[in-house]
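K.L.:
Numbering (the working numbering), first residue to last: 521 to 599.
Structure, rendered in structure tokens:
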């Protein structure tokens, strides 16, 4: 079975997560904001060092400023 880019990304995330969680002692409680920031930074740093480039695409329908609350016309009908 060939090693895919998705497998490589998953490995990079697992390594970054392991490194990030090592910064937090005793995971028997929820993380504080500062701890979450440290974990996210460790993962982002590892992905950067592993030469991953993750780009944000256009927002999905219904997310962000592009959400349209108006009802959509039935199919085949135009105004």
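Positions of the beta carbon are idealized from the N, C-alpha and C atoms, including for glycine.
(1) Would residue 537 and residue 572 qualify as a contact pair, given that the criterion is a beta-carbon distance under 8 Å?
(2) Just curious, the alpha helix (DSSP H) that residue 573 is in, first and last residue?
(3) So, helix, strand or coil for residue 522, using DSSP?
(4) What is the DSSP secondary structure of residue 596, counted as helix, strand or coil?
(5) Are the CB atoms of residue 525 and residue 567 nearer to each other than 8 Å?
P.N.:
A quick look at the data gives this:
(1) Contact: no.
(2) Neither: residue 573 is in no alpha helix (DSSP H) and is coded neither H nor E.
(3) coil
(4) Residue state for residue 596 is assigned as coil, using DSSP reduced to three classes.
(5) no
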